[in-house]
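**Student:**
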Amino acid sequence: MAPVEEDGGSQCRSTCDDFVEVGSKGVTLEYEPHFGGNAWVTRELKAAGKVTLSRVFFFRSSDLVAETAHGAAHDDEADEDDRPLYRFRFATTKDGYHRIPGRILGIDNDVLIVAEGIAPDRKVFVAERNISIFRRIAKLKPGSEIVVGGDRVDSIAVEAFGELLEIRLYRGNSVPTKELSGTIMQAEKYLFHLSKWGVEGERELSKRYGSALPAGLQIRVTNPKALLLLGRDRRTDGTGGLTENQSFDLEVIKRKYVNMMDIVPYDDLLRRLDRIIVSLTERAGSAGLGQRADKRGTDRRDSTDRCAGGGDASGADAC
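So, in structure tokens, the structure goes:
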């Protein structure tokens, strides 16, 4: 993820993940670049003492709580799983509100969000194309605190704030994020070139992966289909991460591409695995009961045969 110089600070111009983790004493923002390198974050913090994420969040070096390495050092060519996860101090929780310093959002106003009723997700702060929501609100309330929810007389009602977020929808619809749209396009290109490769491609793939295939098996390409594994539809506490309308619009997109690719959020994949485990467990239990029933039936038939044939003395007594 290369930084872009704009308004005196570096900007996350590519795809990235940033979300908040709520604790008893405050809120922490976790940031992990999605594509490209991540060494620029550390370089910016060391060189300038500050860094800008997603064009919305402005952090100083003193805000960095932890930098957890998944495995590798800071390397632009490192594998995704080896990239560090940055944690920044985002808000303090007191008197029923999450207080976010205005400088973190690039405004002069501190922002107070009620702790109960609004989950401080990315979508609360960032609109499409990385537009800051509270920067727009700050223009209407210069110098004063921006309060969302709660019983303060100067607060924005939770319902009204929710309606404000819904205004961001395109004609009432939830549109795919840049990450999803880009991944779909990438998968479509893979499938196109794979289909056009033809018989020559089948021979090449069979040759390339022959050592991993069972003896006598060759690869044949017929109506290839992609699997897209990305995103989440659950929060860290297990509650739903999508509204009813968002879930419906996502289902529309999934059905549109159903003949070409299967779009699966990580949480959906885990649910599928859970259902498979339950099904296999039930089958194993049923098979065990069936085997015991078959054994009892076999024992009864053997006993009947012995009685009909006279059997030995012990068998006759048993009959």
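Numbering (the UniProt record's numbering), first residue to last: 1 to 319. We put the beta carbon where it would ideally sit given N, CA and C, even for glycine.
#1: With Thr52 as the anchor, note down where its beta strand (DSSP E) starts and where it stops.
#2: Determine whether the Cβ of Asn109 lies closer than 8 Å to any Cβ atom of chain B.
#3: Is it buried or exposed, Ser155, if we count other Cβ atoms within 10 angstroms and call 16 or more buried?
#4: Measure the CB-CB distance between Asp108 and Phe88 and report whether it falls below 8 Å.
#5: If you check the beta carbons only, do Val124 and Tyr97 fall under 8 Å apart?
#6: Could you tell me which residues DSSP puts in a beta bridge with Ala226?
#7: Among Ile277, Thr28, Pro265 and Lys256, which has the Cα closest to the Cα of Glu188?
#8: When you compare the CB positions of Leu165 and Phe134, do they come within less than 8 Å of one another, or not?
#9: How would you write the range of the alpha helix (DSSP H) that Tyr190 sits in, first residue to last?
#10: Are at least three pairs of beta-carbons, each pair with one atom in the stretch 142-154 and one in the stretch 266-286, less than 8 Å apart?
#11: Which of the three DSSP states, helix, strand or coil, is assigned to Val153?
#12: Assign Val199 to buried or exposed, taking buried as 16 or more other Cβ atoms, counted over all protein chains shown, within 10 Å of its Cβ.
#13: Report the residue from Pro142, Ile184 and Ala138 whose alpha carbon sits nearest the alpha carbon of Val258.
#14: Can you list, in chain order, the residues of its chain whose CB lies under 6 Å from that of Lys254, leaving out five sequence neighbours each side?
#15: By the 10 Å Cβ neighbour count, where 16 or more other Cβ atoms means buried, how is Asp75 classified, buried or exposed?
#16: Please report how far the alpha carbon of Asp110 lies from the alpha carbon of Asp95, in whole angstroms.
#17: Helix, strand or coil: how does DSSP classify Arg235 here?
#18: How would you call Ser61, buried or exposed, if buried means at least 16 neighbouring beta carbons within 10 angstroms?
#19: Thinking Leu229 and Tyr266 are a contact (beta carbons under 8 Å), I'd like their distance in whole angstroms, please.
#20: Identify every residue that forms a DSSP beta bridge with Gly26.
#21: Report the three-state DSSP secondary structure of Val126 (helix, strand or coil).
#22: Got a sec? Which residues, its chain only, sit under 6 Å from Asp233 by beta carbon, not counting five neighbours each side?
#23: Where Leu194 and Ala212 are concerned, what is the direct C-alpha to C-alpha distance, given to the nearest angstrom?
#24: Given a cut-off of 8 Å on the beta-carbon distance, is the pair Ala119 and Gly26 in contact?
#25: Under the three-state reduction of DSSP, which class applies to Ser132: helix, strand or coil?
#26: What does DSSP give as the partner residue(s) for Arg60 in the beta ladder?
#27: Between which two residues does the beta strand (DSSP E) containing Leu105 stretch?
#28: Report all residues from its chain with a CB closer than 7 Å to the CB of Leu205; omit the five preceding and five following residues, and keep chain order.
#29: From Val221 to Glu202, what distance separates their C-alpha atoms?
#30: Are Ala226 and Leu191 touching if we call contact CB-CB under 8 Å?
#31: Please report how far the alpha carbon of Arg283 lies from the alpha carbon of Ser132, in whole angstroms.
#32: Roughly how many angstroms separate the alpha carbons of Arg251 and Glu244, rounded to a whole number?
#33: Comparing alpha-carbon positions, which option in Thr28, Glu44 and Lys196 lies nearest residue 349?
#34: Do you know how far the Cα of Arg103 is from the Cα of Lys139?
**Tutor:** In short, the structure shows the following:
#1: If you number the sequence shown from 1, residue 52 lands on position 52. From DSSP, the beta strand (DSSP E) with Thr52 extends over Lys50 to Leu53.
#2: The displayed structure is made up of one protein chain only, and chain B is not part of it.
#3: Translated into positions along the sequence shown, residue 155 becomes position 155. Answer is buried; the Cβ neighbour count reaches 16.
#4: Here residue 108 refers to the residue found at position 108 when the sequence shown is read from its first residue. Here residue 88 refers to the residue found at position 88 when the sequence shown is read from its first residue. In this structure, Phe88 does not lie closer than 8 Å to Asp108 by Cβ.
#5: Here residue 124 refers to the residue found at position 124 of the sequence shown. Here residue 97 refers to the residue found at position 97 of the sequence shown. No, the pair does not count as a contact, with Cβ atoms beyond the cut-off.
#6: One-based indexing of the sequence shown puts residue 226 at position 226. Met261.
#7: Here residue 188 refers to the residue found at position 188 when the sequence shown is read from its first residue. For Glu188, the nearest C-alpha among the options comes from Lys256.
#8: As a position in the sequence shown, residue 165 is number 165, starting the count at 1. As a position in the sequence shown, residue 134 is number 134, starting the count at 1. For Leu165 and Phe134, no; Cβs fall outside 8 Å.
#9: Walking along the sequence shown from the start, residue 190 turns up at place 190. Tyr190 -> alpha helix (DSSP H) spans Lys178 to Arg208.
#10: no
#11: Residue 153 sits at position 153 when you count from the first residue of the sequence shown. Of the three classes helix, strand and coil, the one that applies to Val153 here is coil, per DSSP.
#12: As a first step, residue 199 must be located in the sequence shown, where it is residue number 199. Val199 comes out exposed.
#13: Position 258 of the sequence shown, counted from the start, is the residue given in the question as residue 258. Of the listed residues, the one whose Cα sits closest to Val258 is Ile184.
#14: The residue given as residue 254 occupies position 254 in the sequence shown. If we look at Lys254 and ignore the five residues flanking it on each side, its Cβ neighbours are Ile263.
#15: Residue mapping note: residue 75 aligns to position 75 of the sequence shown, counting from 1. Reliability of the predicted coordinates at Asp75 is poor, the pLDDT of 46 falling under 50, and the value obtained from them is presented with this limitation in mind. Exposed, since its Cβ has fewer than 16 Cβ neighbours within 10 Å.
#16: On the sequence shown, position 110 is the one that residue 110 refers to. On the sequence shown, position 95 is the one that residue 95 refers to. So the two alpha carbons sit approximately 15 Å from each other.
#17: One-based indexing of the sequence shown puts residue 235 at position 235. The answer is coil: DSSP assigns Arg235 none of H, G, I, E or B.
#18: In the sequence shown, counting from the first residue as 1, residue 61 sits at position 61. Ser61 should be labelled exposed.
#19: Taking the sequence shown and counting its residues from 1, one reaches residue 229 at position 229. Taking the sequence shown and counting its residues from 1, one reaches residue 266 at position 266. About 7 Å; that satisfies the 8 Å criterion.
#20: As a first step, residue 26 must be located in the sequence shown, where it is residue number 26. The partner list for Gly26 (beta bridge, DSSP) reads Thr92.
#21: Along the sequence shown, one-based indexing puts residue 126 at 126. Here Val126 sits in strand by DSSP.
#22: Numbered from its first residue, the sequence shown carries residue 233 at position 233. Only Gly241, Leu242, Pro265 and Asp267 meet the Cβ criterion.
#23: Taking the first residue of the sequence shown as 1, we reach residue 194 at position 194. Taking the first residue of the sequence shown as 1, we reach residue 212 at position 212. C-alpha separation (whole angstroms): 20 Å.
#24: To locate residue 119, count along the sequence shown from 1; it is residue 119. To locate residue 26, count along the sequence shown from 1; it is residue 26. Cβ distance not < 8 Å, so Ala119 and Gly26 don't count as in contact.
#25: Indexing the sequence shown from 1 puts residue 132 at position 132. Correct three-state label for Ser132: strand.
#26: Here residue 60 refers to the residue found at position 60 when the sequence shown is read from its first residue. According to DSSP, Arg60 bridges with Lys50.
#27: Working through the sequence shown from its first residue, we reach residue 105 at position 105. Looking at the DSSP string, Leu105 is not in any beta strand (DSSP E), and its letter there is neither H nor E.
#28: Sequence index remark: in the sequence shown, residue 205 carries index 205 (1-based). Here the set comprises Ile219.
#29: Residue 221 sits at position 221 when you count from the first residue of the sequence shown. Residue 202 sits at position 202 when you count from the first residue of the sequence shown. The straight-line gap from Cα to Cα measures roughly 7 Å.
#30: Here residue 226 refers to the residue found at position 226 of the sequence shown. Here residue 191 refers to the residue found at position 191 of the sequence shown. Yes, the pair counts as a contact, with Cβ atoms nearer than the cut-off.
#31: Sequence index remark: in the sequence shown, residue 283 carries index 283 (1-based). Sequence index remark: in the sequence shown, residue 132 carries index 132 (1-based). Taking the straight line from one Cα to the other gives about 52 Å.
#32: Start at 1 with the first residue of the sequence shown, and residue 251 comes out as number 251. Start at 1 with the first residue of the sequence shown, and residue 244 comes out as number 244. With the sequence shown as reference, residue 251 is identified as Glu, and Arg is not the correct amino acid for it. Cα to Cα, Glu251 sits roughly 11 Å from Glu244.
#33: In this structure the chain extends from 1 to 319, so residue 349 is not present and cannot be described.
#34: Here residue 139 corresponds to residue number 139 of the sequence shown, with the count starting at 1. Here residue 103 corresponds to residue number 103 of the sequence shown, with the count starting at 1. Cα to Cα, the separation comes out at about 15 Å.
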